[in-house]
Each structure stands twice: as structure tokens, then as C-alpha cells.
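Notes follow once the structure below has been shown.
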Amino acid sequence: MKVPADDKFEIKKALEEIFFTGNLDILDKLLAEIETYEVLYKNLLTNEFINAIKDANLLNIYNEYKKIVSEKPEFEDEDVIFIESFLNSCLEKKITLSRDENKNIRLLLDNKEFLNQERTSLKLSNGEQNFLSLSFELLKAKKVNEQLVVLDDPISSFDSIYKNKIAYAIIKFLSDKYSLILTHNTDLIKLLEHQLNNSFILYYMNNTEGENNGFLKINDHEKRILLYIPSLIKLFCSDIAPEILNEKAFLISIVPFLRGYCYLIQNNEKKDKLTKIMHGYETESVNLSLLYNELFQTNIIENEHVISVHDILSYDIDDLNILKKDKFPLLAKTLMHSFTYLYLRMTVEKKLVDKYGVDTKNNCMLNQIINKAFPSSKKDLENTKNRIFFLSKKTLLNEFNHFEMDMNIFQPAIDITDKALEKEKEEILKKLGSL
Numbered sequence: 199m200k201v202p203a204d205d206k207f208e209i210k211k212a213l214e215e216i217f218f219t220g221n222l223d224i225l226d227k228l229l230a231e232i233e234t235y236e237v238l239y240k241n242l243l244t245n246e247f248i249n250a251i252k253d254a255n256l257l258n259i260y261n262e263y264k265k266i267v268s269e270k271p272e273f274e275d276e277d278v279i280f281i282e283s284f285l286n287s288c289l290e291k292k293i294t295l296s297r298d299e300n301k302n303i304r305l306l307l308d309n310k311e312f313l314n315q316e317r318t319s320l321k322l323s324n325g326e327q328n329f330l331s332l333s334f335e336l337l338k339a340k341k342v343n344e345q346l347v348v349l350d351d352p353i354s355s356f357d358s359i360y361k362n363k364i365a366y367a368i369i370k371f372l373s374d375k376y377s378l379i380l381t382h383n384t385d386l387i388k389l390l391e392h393q394l395n396n397s398f399i400l401y402y403m404n405n406t407e408g409e410n411n412g413f414l415k416i417n418d419h420e421k422r423i424l425l426y427i428p429s430l431i432k433l434f435c436s437d438i439a440p441e442i443l444n445e446k447a448f449l450i451s452i453v454p455f456l457r458g459y460c461y462l463i464q465n466n467e468k469k470d471k472l473t474k475i476m477h478g479y480e481t482e483s484v485n486l487s488l489l490y491n492e493l494f495q496t497n498i499i500e501n502e503h504v505i506s507v508h509d510i511l512s513y514d515i516d517d518l519n520i521l522k523k524d525k526f527p528l529l530a531k532t533l534m535h536s537f538t539y540l541y542l543r544m545t546v547e548k549k550l551v552d553k554y555g556v557d558t559k560n561n562c563m564l565n566q567i568i569n570k571a572f573p574s575s576k577k578d579l580e581n582t583k584n585r586i587f588f589l590s591k592k593t594l595l596n597e598f599n600h601f602e603m604d605m606n607i608f609q610p611a612i613d614i615t616d617k618a619l620e621k622e623k624e625e626i627l628k629k630l631g632s633l
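Straight run, no breaks: the sequence shown in my numbering ends on number 633.
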């Protein structure tokens, strides 16, 4: 037998003593000592394993799993009927919802198992699959004990029909819960309001260094004009007058909305006049005071303001005080943003048209002007960089679509913070100065 060099049990010494004395008691004592340490080693190993299990939190995970299994939510008949009807009417496919003998949910799509299947094998679009998933999440949220449910932009990837259904489902399933819904899309806010009036408190959430941060409550005045276009129009007809700090700046800031309003009421004459002062390459002037009062059938704009493109481009946008902020803080921010968007778009148009001789008869839109000023060329990398720079800027491309398509005057202010707008403004003006 080969004795290890580190002979902890002094085996070599014991064997030599046995050999010379013939005393086998020494061997029995040695074997007993080794067996004692063997038992101790097994106990230490067991303790190490137990500690490793504790550190891995496996016991808590197992207990949580057992709790989930034991608390499988039971669906009331009304829930089953509603969810089946809800999904069938929206997806236009045969949906059956039931439980198997182990109380597990079974969802059949055209009589075939749907749950736990590969997404690529399902005969549903991504939008339909997301809609199904959200429906069950809402049903699950209804059944849990927690009273607060958080939803993060639940309608972001759905069309108008789905959006309306989801808004209804939120109210249906979560009527006994407190729901915190995060969204940058005012469509959902309006849908919830129309499904159930005064069903929510509205906050504007901001988290930007140097700005007013936190959950900022939207007061009842602004909540109403955000949700209802007639209330906004009524405000512009009369109640806005004592809130205006600078008539000229107010009229310029509202020009995009006025043009959208002209589209809505089919007043092409006034729409064309407003268009003339929304492009930096134009030279005409418009009596905005007269136009505003006529459109809203009011007389709240007391002073005459004949505005040209030059007036807008020469305005100091670093010092915009348009509206009082105590009663209408969100609207005041919106008008400041709207003025800045208009100024930047027109400044870019003016600079590019003048410098690069762009024909505005055939290229009247900003994206057309940008593409003409910086034509695509594999040999001219600088052109490509400039074109991408201007076409990628949020303030230059599509923000005014909100005014003309759905009269949503607030969306531009919701989409970008004051700090982000200031940064983009500085970048654009710096780029123009470098051309």
C-alpha cells in the first residue's frame, strides 16, 4: 500500500508499530478514526449542498411554483363567454376557451391547440398573436389579488378596431382594479374616455434633467380640450383671450392648427393663405388677426398682425412667452413647440432653396427640397450625410400631420421634451450655418 506524503492519520507509523509488536488493536483504532472522519465529511458535504440551495433561492422558487399551481384561477362563466366572444369577433377565427382535467387553460384555434405552439406555425399575424396575448394578460390581471395593474402602451402596435376593443377590455376586466397606463399616444386616452367618461386621472410624466419632473397632473381644463375637439375650438373662440401673453407669437404658433382647421371646415381660400406663410421660400403676408377672428367667429384678437415669412424667420425663438402657464401649462408648452417646429422647417427651407437654387414649383415640400439640395450620389458622401441629417430630424418632417389629420394639437409637445427640442434646434441651426 502506498502511503500519501501528507500522512494526516499517521498510517505509516501505525503499520510499522503493528509489524514490530503484532498489536492489532492499533489497526482497529486507526480504522475507527478514519470511519469517524468519513461520517463528518459526509455531513459537511451535505451542509455545503444545503447552503448552496439556499443561496440559489431554489426553495423560494419551488414554493412560489407550488403556490401558483395551487391557485390556478377559475374563470366565471361570464368571463369565458366574454373572452370567447371578444376574440372571435376581433380575430374572425373560431376560438374556443376551456380547461382540461387538470384545470389548465386550453385555447383552440379552429379546433387545434394554440397554447405552447411555435409562433411561426400559427395561422395568425404578429398583431393578432399580440392581441391574443394581451387579452389573456388582462384576464389574468383581473384574477390576481394585487390591486394595481401597470400597462405599458397597450395599443402601440394595433389598428383602430383593435385599439377600440382593447380600450373596452381594459375597462371590462380591470374595473375593480387601479390601473396605471403608460402611453405617449393620445388615441388611447380618448378611447378610454369615450368608453367610460371620467374613468381616469391624467398625468404627464417627465424625467429630464433641468425640467419639471415627476407625474404632473393634467388639470380639468386641459384634460377636456385634449379629449374633445369642440372644447378646444370653444377655447380658441373666447376663453383663451385672457391667457394670451403675446398676440403675435400666439397667432404664429397656431398657424399649423389653423390650416388643419381650414381643411376640416373646407375653407380652401384661408387654407391657401396660411400655406403661404408656412414655407420659408414664400414672400407673401397674411393678416392673421383678421383670419383668426373670421375662422372662429370672434373678436378676441384686438390688434392687427399682418405676418410674413420674414416676420417668422426673424423672431427670437429663444424667448417665447406665448401663453400663461398656470391654467394651461400643457397648451403653453404645445404652442412653444409648434412655433419652434414652424420656425425650424421654414428656416431650413429658406436656406436650402436660396443656397442650392431649388425649384419650389416642382419641389414645394420640405423632403423634396432636402432631396434636391443633396441629391443621392455614391461619389458624394457629404451630400448623403447632409440629406440623412435633415431627413432624420423629428422637428422637420411629420409633426404637423397631427394638426391636419386628426387635429391633435398636443401630440408634438407630448412626443418631445423641452430639452430634447432645444438640442435638436441647436443641431439644425449649427448645421445650416456650416453649409
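Using N, Cα and C, we set each Cβ at its ideal position, and we do this for glycine too. These numbers come from a predicted model, not from an experiment.
Beta-bridge partners of residue i, as assigned by DSSP
i, result
"Phe413", "Met403"
"Ile505", "Val484"
"Leu521", "Ile442"
"Leu242", "According to DSSP, which records beta bridges pairwise, Leu242 is partnered with nothing at all."
"Glu311", "Leu306"
"Ser377", "Val347"
Distance between residue j and residue i (C-alpha atoms, nearest Å)
i, j, result
"Lys591", "Ala365", "32 Å"
"Cys435", "Ile499", "10 Å"
"Asp509", "Asn581", "31 Å"
"Lys621", "Leu511", "19 Å"
"Ile614", "Thr406", "11 Å"
"Glu391", "Ser397", "7 Å"
"Ile369", "Leu256", "38 Å"
"Glu547", "Tyr479", "6 Å"
"Phe218", "Leu225", "13 Å"
"Lys623", "Met534", "13 Å"
"Ser451", "Asn497", "18 Å"
"Thr294", "Ser333", "14 Å"
"Asp374", "Met476", "49 Å"
"Gly220", "Leu228", "15 Å"
"Lys559", "Val551", "11 Å"
"Lys577", "Thr593", "29 Å"
"Asp636", "Ile251", "Because the chain spans 199 through 633 in this model, residue 636 falls outside it and cannot be assessed."
"Lys415", "Lys363", "27 Å"
"Pro573", "Asn465", "36 Å"
"Leu456", "Leu472", "8 Å"
"Pro454", "Gln609", "13 Å"
"Ser354", "Asn383", "8 Å"
"Asn417", "Asn261", "46 Å"
"Lys549", "Leu330", "50 Å"
"Lys525", "Leu433", "12 Å"
"Leu619", "Phe537", "12 Å"
"Glu214", "Ile248", "42 Å"
"Thr545", "Phe371", "50 Å"
"Val507", "Leu627", "17 Å"
"Gly555", "Asn328", "49 Å"
"Asn395", "Ile387", "11 Å"
Classification of residue i by the beta-carbon crowding that lies within 10 angstroms, buried from 16 upward
i, result
"Leu486", "buried"
"Pro428", "exposed"
"Arg304", "exposed"
"Asn606", "buried"
"Ala254", "exposed"
"Leu222", "exposed"
"Met403", "exposed"
"Glu246", "exposed"
"Tyr235", "exposed"
"Leu380", "exposed"
"Gly458", "buried"
"Val347", "buried"
"Ser632", "exposed"
"Ala230", "exposed"
"Ile259", "exposed"
Own chain partners of residue i with C-beta closer than 8 Å, once the 5 adjacent residues on each side are dropped
i, result
"Lys629", "Asn584, Phe587 and Phe588"
"Glu502", "Asn485, Ser487 and Leu488"
"Ala439", "Ile498"
"Lys617", "Thr406, Glu407, Gly408 and Glu409"
"Ser575", "Asn581 and Thr582"
"Leu449", "Leu486, Ser487, Tyr490, Ile499, His503 and Ile505"
Cut-off 7 Å between Cβ atoms - residues of its own chain near residue i, not counting five sequence neighbours on either side
i, result
"Lys468", "Cys460, Leu489 and Leu493"
"Asn569", "Arg585"
"Ala611", "Leu528, Lys531, Thr532 and His535"
"Lys340", "Phe371 and Leu372"
Close Cβ partners of residue i (< 6 Å) along its chain, the five nearest in sequence each way excluded
i, result
"Val504", "Ser483 and Asn485"
"Ala530", "Leu521 and Lys523"
"Lys292", "Asp308"
"Lys421", "Leu400"
Residue i CB to nearest heavy atom of the ligand SAM below 7 Å
i, result
"Leu305", "No copy of the ligand SAM appears in this structure; indeed no ligand is present at all."
Only counting runs of 3 or more residues, tell me where the beta strand (DSSP E) segments fall wholly within the segment 439-492, in order along the chain.
-> 483-485
For the segment 201-230, which segments carrying the alpha helix (DSSP H) assignment without a break, of at least 4 residues, lie completely within its bounds, in sequence order?
-> 209-219
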